[in-house]
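Engineer: Chains as they are written, first to last, in our numbering: chain A, 464 to 569; chain B, 464 to 569.
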DNA sequence: TTAGTTAGTTACTTTATGTAAGTAATTATA
DNA sequence: TATAATTACTTACATAAAGTAACTAACTAA
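1) Only counting the same chain, and skipping five residues up and downstream in sequence, which positions put a Cβ closer than 8 Å to that of residue 498(A)?
2) Which residue spans inside the segment 484-558 of chain B form an unbroken beta strand (DSSP E) run of at least 3?
3) Measuring CB atoms only, is the segment 542-555 of chain A touching the segment 521-532 of chain B, in the sense that at least three cross pairs come out at less than 8 Å?
4) So, helix, strand or coil for residue 479(B), using DSSP?
5) By the 8 Å beta-carbon criterion, what residues does the segment 479-511 of chain A contribute toward chain B?
6) Pick from 562(B), 471(B), 502(B): whose alpha carbon is nearest that of residue 485(B)?
7) Closer than 8 Å is the cut-off here; do at least three beta carbon pairs connect the segment 508-517 of chain B with the segment 509-529 of chain A?
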């Protein structure tokens, strides 16, 4: 069959972004560092999966985890340079959604 | 908690794009109409899921399905205007992947 | 008549995600 | 001193999504 080869780097990027919740996590972190519970409550994500996603994104050097030994302990997640570089993608998704998706799509 | 509200249209868009395979299907269709078996063999997707995704994208008016009653029958999938408008997103993902992802990431 | 082609569908297995309860470290309250 | 509260998780189990492989329908070609 018509074997159009897909660029492996593009494929990798899509593999990251097409994980459930990843886009929304990045969207939230683009507006500044966030704590675990803030992320958890702002989207419908479960703690189990949020924990998993943050670890994956940390391993990919997209997200940085910082511990502040206060009381109770504060842990902040923020974007690395690599993570901040995703902003144009998120912006384009926002633009498309505003132009092409109806209000109240349920 | 810090309840930053997420734009429902952005959330909807992310819900579409974060479905496994959807990004790669769109990427393939951006280079022109494709047949079912061409899409199937160019990515690692199974027929079961490809069929499901194409139906979803058709219902969202992102993909158009056309039947050519030849022999054997030819069915072509292509992007609608709404679908073509996703190009800037795909382009930004390509850019990011080229800048930030290593070659041969395995 | 048997095999081949395309575009699927169906039944079943494996993987991913959701749910809810539990843990560790610390401080606050009764 | 015991109990509760908070944050950032983890664990065990249930459900949903995706993968696998075989099957179907409509047609042609050998």
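The beta-carbon is built from N, C-alpha and C at its ideal position, and this holds for glycine as well.
Structural biologist: The structure says:
1) The sequence position of residue 498(A) within the first chain is 35, counting from 1. Once the five neighbours on either side are set aside, the close Cβ partners of residue 498(A) are 537, 538, 539, 540.
2) 526-531, 537-542
3) no
4) For the purposes of this step, residue 479(B) is taken as residue 16 along the second chain, with counting starting at 1. Looking at residue 479(B) - three-state DSSP - the assignment turns out to be helix.
5) 480, 481, 482, 483, 484, 485, 486, 487, 490, 491, 494, 497, 498, 500, 501, 503, 504, 505, 506
6) Counting from one through the second chain, the residue named residue 485(B) turns up at place 22. For residue 485(B), the nearest C-alpha among the options comes from 502(B).
7) No, the segment 508-517 of chain B does not touch the segment 509-529 of chain A.
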